[in-house]
Amino acid sequence: MEKVEEEKGNLAGVQHIILVLSGKGGVGKSTISTELALALRHAGKKVGILDVDLCGPSIPRMLNVQDRDVHQCDNGWVPVFVDKDKSIALMSIGFLLEKPDDAVVWRGPKKNALIKQFITDVTWGELDFLIVDTPPGTSDEHISTVESLRPFKPLGAVVVTTPQAVAVGDVRRELTFCKKTGLRVLGVVENMSGFVCPHCSECTNLFSKGGGQELAKHAGVPFLGCVPLDPQLTQSLEEGRDFLQEFPKSLAFSALADIAQHLLAEASICSS
Amino acid sequence: MAEGSGPALDARPHDCPGTGSDEAGKADACQGCPNQGLCSSGQLAGPDPALEEIKEKMKTVKHKLLVLSGKGGVGKSTFTALLAHGLAEDETTQIAVLDADICGPSMPKIMGLEGEQVHQSGSGWSPVYVEENLGVMSVGFLLSSPDDAVIWRGPKKNGMIKQFLRDVDWGEIDYLIVDTPPGTSDEHLSVVQFLSSARIDGAVIITTPQEVALQDVRKEINFCHKVKLPVIGVVENMSGFVCPKCKKESQIFPPTTGGAEMMCRTLNVPLLGKVPLDPQIGRSCDIGHSFLSEAPNSPATLSYRNIIQRIQDYCNQNSPQEEKTI
Ligand SMILES: Nc1ncnc2c1ncn2[C@@H]1O[C@H](COP(=O)(O)OP(=O)(O)O)[C@@H](O)[C@H]1O
Ligand SMILES: [Mg+2]
Ligand SMILES: [Zn+2]
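Listed in order, the protein sequences are those of chains A and B. Per the UniProt record's numbering, the first sequence starts with residue 1, numbered consecutively. Per the UniProt record's numbering, the second sequence starts with residue 1, numbered consecutively.
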């Protein structure tokens, strides 16, 4: 059994691994990944983020570290630390590109090879949570990520959707992916549900409403809540600022905080 | 040469020379690629015979357009559908839509064709028709339930795309519009490679105004340059939202770096237009109706029509030359 510990290598100090998935792109996976990491940090946890979206890495910018570089040490890659306390560590292909606009035009096998390296070769150190942000779909990146993480028993997946039926359709397929690959679904988040007009406070459901909840019910998995569309959140992410710290009164804040609480509770059940 | 610099950082992205190249498996970029052995063995050399067959098939297709975006959820499929509907309003124009989003096919839903199946005819698969002059092909028509996930790695997706281009009985077509998944990977390379001998008119690139989307779109434009795919132009979607109550406009996705306009100027590509966010667009798509005919006078419809016209003009100027016989 000692061997198992050894084989865990760079992930040996990581307590809980959470994947953020969605069949659809642009629904806010990276946003939810980033905000959950920040929320968990506010709860005093050490968090790592692994960005396996190789063609569209967004997290470096969302955390305002897009100009940083990863370094190598004897045991692998040293992730980029977002703050002085080293409470959030990030690994992304964004750090490996010579120019930020470089397109990563890779077919599957090459992506798979890099993902395997990302999972074994990053020196995370001690982490309470490792959040894995993924690209849309159910293909190479997802299969490789789930397969390579399996020995480390991930806590499960947070599945993000937007409310409209077209997105929900893709996310249904993502849930099937979880079932087929034996990945537990921690719950469904409905993002961008409702936009509050900054002029008159009227709430409009830009992308309709309720799709996430319905989906969760249909699939028999927990519903983790609705995160409203908040231009202040977009703005914060564009500038790589900490939304949760700046807008503690917003509706989006309370929704994100609730989701983080749910994950903390799941994690503590799992550790005890 | 970065020789001897330790293994890990060799994962820096490089250009794949392509399996048909003399460099296949031997270039710098091939180091560490799992396909290296296969490529350098020479077994893959020589063009795929499917290329010739696809070229033959595409002889009856006048214009081929790709709809691309680096980012997901920006409205590619919505745009594809409305472009198809818009062009198909002229009954003499024959339109085909190919949904190359193998893992997330949304065309069946957006076109109101959910639950339909493709039929096998003597000359191949026949597309599913929305109208007599508007046919659609999607992996969605091959699945038995909306929960079915297509958990496929690259080579299988590429095989499917090849089949779609080679084995579908498209008939005489004026416009073939290909909807793609987000990113710059297997599906995109395959569509471009399979259609390379058949000439693609160009790509329309969809984005939303915020930098997080634009940074992916710049990559997509670089991809187009790399594979020598002409960029017809960029469409900025969801630029501004008019509150139904107070009628004032807000920016849902603020253009913090100047939006698509600034990007297009910097990269010297045309901006085809901006489409505001109208909640009715999403509702129409969810039930598979054409927003253009449901809200003929809305600002979004007017903007879409303008853009469609510009694409048509581009294609007409860019009509195929007479086939040269050598
Ligand atoms: N609840 C929200 N309110 C406002 N903007 C949001 C919200 N969720 C996501 N966004 C914005 O939507 C865009 C797409 O989100 P992103 O997280 O990059 O999606 P994905 O990772 O699924 O492709 C980003 O610009 C992000 O800032
Ligand atoms: Mg993302
Ligand atoms: Zn208002």
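Think of the CB as a built atom: it goes at the ideal place given N, C-alpha and C, for glycine as much as any other residue. No experiment lies behind these values; they were computed from the predicted model shown.
Using a C-beta cutoff of 8 Å, does C264(B) count as contacting chain A? In the second sequence, residue 264(B) corresponds to position 264, counting from 1. Interface residue (Cβ-Cβ distance to chain A less than 8 Å): C264(B) is not classified as such.
Element boundaries [beta strand (DSSP E), containing D174(B)]: Mapped onto the second sequence, residue 174(B) falls at position 174. Following the DSSP letters along the chain, one finds D174(B) inside the beta strand (DSSP E) bounded by residues I173 to D179.
Since A157(A) contacts L130(A) with CB under 8 Å, what's their CB separation in whole angstroms? As a working mapping, residue 157(A) is identified with position 157 in the first sequence. As a working mapping, residue 130(A) is identified with position 130 in the first sequence. Between L130(A) and A157(A) the Cβ distance is about 13 Å, and since that is not below 8 Å, they are no contact.
I think F223(B) touches V52(A), with their Cβ atoms under 8 Å apart; what is that distance to the nearest whole Å? Taking the second sequence and counting its residues from 1, one reaches residue 223(B) at position 223. Taking the first sequence and counting its residues from 1, one reaches residue 52(A) at position 52. Taking C-beta atoms under 8 Å as the contact rule, F223(B) and V52(A) fail to qualify, at a distance of about 19 Å.
Under 7 Å (Cβ pairs) to chain A, residues found in the stretch 244-268 of chain B: P244, K245, C246, K248, S250, Q251, I252, F253, P254 and T256
Length of the line joining the Cα atoms of P100(A) and P60(A): For the purposes of this step, residue 100(A) is identified with residue 100 of the first sequence, where counting begins at 1. For the purposes of this step, residue 60(A) is identified with residue 60 of the first sequence, where counting begins at 1. Taking the straight line joining both Cα atoms gives about 11 Å.
By the criterion of Cβ-Cβ separation under 9 Å, what are the contact partners of T123(A) in chain B? Counted from its first residue, the first sequence places residue 123(A) at position 123. Chain B residues near T123(A): none, gap ~11 Å exceeds 9 Å.
Beta carbon of A37(A): closer than 7 Å to some heavy atom of ligand 1? The residue given as residue 37(A) occupies position 37 in the first sequence. Checking the Cβ of A37(A) against ligand 1 gives no.
Relative to the alpha-carbon of T234(A), which residue among A252(A), G48(A) and N75(A) has its alpha-carbon at the smallest distance? Here residue 234(A) is taken as the residue at index 234 of the first sequence, counted from 1. Closest option to T234(A), Cα to Cα, is A252(A).
Can you name the residues of chain E whose CB is closer than 8 Å to the CB of Q163(B)? Among the protein chains of the structure shown, namely A and B, there is no chain E.
Cut-off 7 Å between Cβ atoms - residues of its own chain near D186(B), not counting five sequence neighbours on either side: Looking up residue 186(B) in the second sequence gives position 186. Counting only Cβ-Cβ distances below 7 Å, and skipping sequence neighbours, we find G154, K157 and N158.
Who are the Cβ neighbours of K324(B) in its own chain at under 6 Å, not counting the five residues just before and after it? As a position in the second sequence, residue 324(B) is number 324, starting the count at 1. Its pLDDT being 43, under 50, K324(B) is placed unreliably by the model, and the measurement read from it follows with that caveat. Result list for K324(B): empty, nothing under 6 Å.
Can you give the Cα-Cα distance for L68(B) and I269(A), rounded to whole angstroms? Residue 68(B) sits at position 68 when you count from the first residue of the second sequence. Residue 269(A) sits at position 269 when you count from the first residue of the first sequence. Straight-line Cα distance between these residues: approximately 44 Å.
Check whether G25(A) and V171(A) have beta carbons under 8 Å apart: As a working mapping, residue 25(A) is identified with position 25 in the first sequence. As a working mapping, residue 171(A) is identified with position 171 in the first sequence. No. Outside cutoff.
Where the alpha helix (DSSP H) through G202(B) begins and ends: Within the second sequence, numbered from 1, the residue matching residue 202(B) stands at position 202. Segment G202 to T207 is the beta strand (DSSP E) holding G202(B); no alpha helix (DSSP H) there.
Interface partners of N205(A) on chain B, CB under 8 Å: Residue 205(A) sits at position 205 when you count from the first residue of the first sequence. What N205(A) touches in chain B: P279.
Exposure of D67(A), with buried meaning 16 or more beta-carbon neighbours within 10 Å: Taking the first sequence and counting its residues from 1, one reaches residue 67(A) at position 67. Its Cβ having fewer than 16 others within 10 Å, D67(A) is exposed.
By the 7 Å beta-carbon criterion, what residues does the stretch 22-46 of chain A contribute toward chain B? G23, K24, G25, G26 and V27
Of all the CB atoms in chain B, is at least one closer than 8 Å to the CB of Q213(A)? Locating residue 213(A) in the first sequence gives position 213, where the first residue counts as 1. Not closer than 8 Å to any Cβ of chain B, the Cβ of Q213(A) fails to qualify, so no.
Count the other CB atoms, across all protein chains shown, that sit within 10 Å of the CB of I326(B); report buried if there are 16 or more and exposed otherwise. Reading the second sequence from its first residue, position 326 is the one you call residue 326(B). Residue placement at I326(B) cannot be trusted, given a pLDDT of 45 that sits under 50; the coordinates are not used to answer.
How would you list, in chain order, the residues of chain B whose beta-carbon sits under 7 Å from the beta-carbon of T234(A)? Here residue 234(A) is taken as the residue at index 234 of the first sequence, counted from 1. Ordered by position in chain B, the residues that pass the 7 Å Cβ test against T234(A) are Q210, F253 and P254.
Would a C-beta distance cut-off of 8 Å place Q251(B) and G240(B) closer than the cut-off? As a working note, residue 251(B) is residue 251 in the second sequence. As a working note, residue 240(B) is residue 240 in the second sequence. Closer than 8 Å, so yes.
If you follow the alpha helix (DSSP H) that V192(B) is in, where does it begin and where does it stop? Taking the first residue of the second sequence as 1, we reach residue 192(B) at position 192. Unbroken alpha helix (DSSP H) run through V192(B): D186 to L195.
is_contact[S250(A), chain B] using C-beta, thresh 8 Å: Working through the first sequence from its first residue, we reach residue 250(A) at position 250. No, its Cβ sits nowhere closer than 8 Å to a Cβ of chain B.
Cross-chain neighbours of I205(B) in chain A, by beta carbon under 9 Å: Here residue 205(B) refers to the residue found at position 205 of the second sequence. Per Cβ cutoff of 9 Å: no residues; I205(B) is ~12 Å from chain A at best.
Answer with buried or exposed for N316(B), where buried requires no fewer than 16 other C-beta atoms within 10 angstroms of its C-beta. Along the second sequence, one-based indexing puts residue 316(B) at 316. So N316(B) ends up on the exposed side.
Quick one: which unbroken beta strand (DSSP E) runs of 3-plus residues sit fully inside the stretch 173-244 of chain A? Chain order, please. 185-196 and 223-229
Alpha carbons only, please: which of H225(B), K162(B) and G73(B) is nearest the one belonging to K57(B)? Reading the second sequence from its first residue, position 57 is the one you call residue 57(B). Looking at the Cα atoms, K162(B) is the closest of the given residues.
Check this for me: beta carbons of F253(B) and Q193(B), under 8 Å apart or not? As a position in the second sequence, residue 253(B) is number 253, starting the count at 1. As a position in the second sequence, residue 193(B) is number 193, starting the count at 1. Result no, Cβ atoms of F253(B) and Q193(B) do not sit closer than 8 Å.
Rounded distance between the beta-carbons of H63(B) and D174(B), thought under 8 Å: Taking the second sequence and counting its residues from 1, the one referred to as residue 174(B) is at position 174. Taking the second sequence and counting its residues from 1, the one referred to as residue 63(B) is at position 63. Indeed they touch by this definition, with Cβ atoms about 6 Å apart.
Excluding five sequence neighbours on each side, which residues of the same chain lie with their C-beta closer than 7 Å to the C-beta of I110(B)? As a working note, residue 110(B) is residue 110 in the second sequence. Here the set comprises S77, T78, A81, C285 and G288.
By how many angstroms is the C-alpha of H85(B) removed from the C-alpha of I95(B)? As a first step, residue 95(B) must be located in the second sequence, where it is residue number 95. As a first step, residue 85(B) must be located in the second sequence, where it is residue number 85. Answer to the nearest angstrom: the Cα atoms are 9 Å apart.
Taking only beta carbons into account, state which residues of the stretch 134-157 of chain B come closer than 8 Å to chain A, listed in chain order. P146, D147, D148, A149, V150, I151, W152, R153, G154, P155 and K157
Is the stretch 218-226 of chain A touching the stretch 179-194 of chain A in the sense that three or more CB pairs, one from each, lie closer than 8 Å? yes
Taking buried to mean at least 16 other C-beta atoms within 10 Å of its own C-beta, is E141(A) buried or exposed? Walking along the first sequence from the start, residue 141(A) turns up at place 141. So E141(A) ends up on the buried side.
Limits of the unbroken alpha helix (DSSP H) element including G263(B): By 1-based counting over the second sequence, the position of residue 263(B) is 263. Note that residue 263(B) is Met in the sequence shown, not Gly. Its alpha helix (DSSP H) spans residues G259 to L267.
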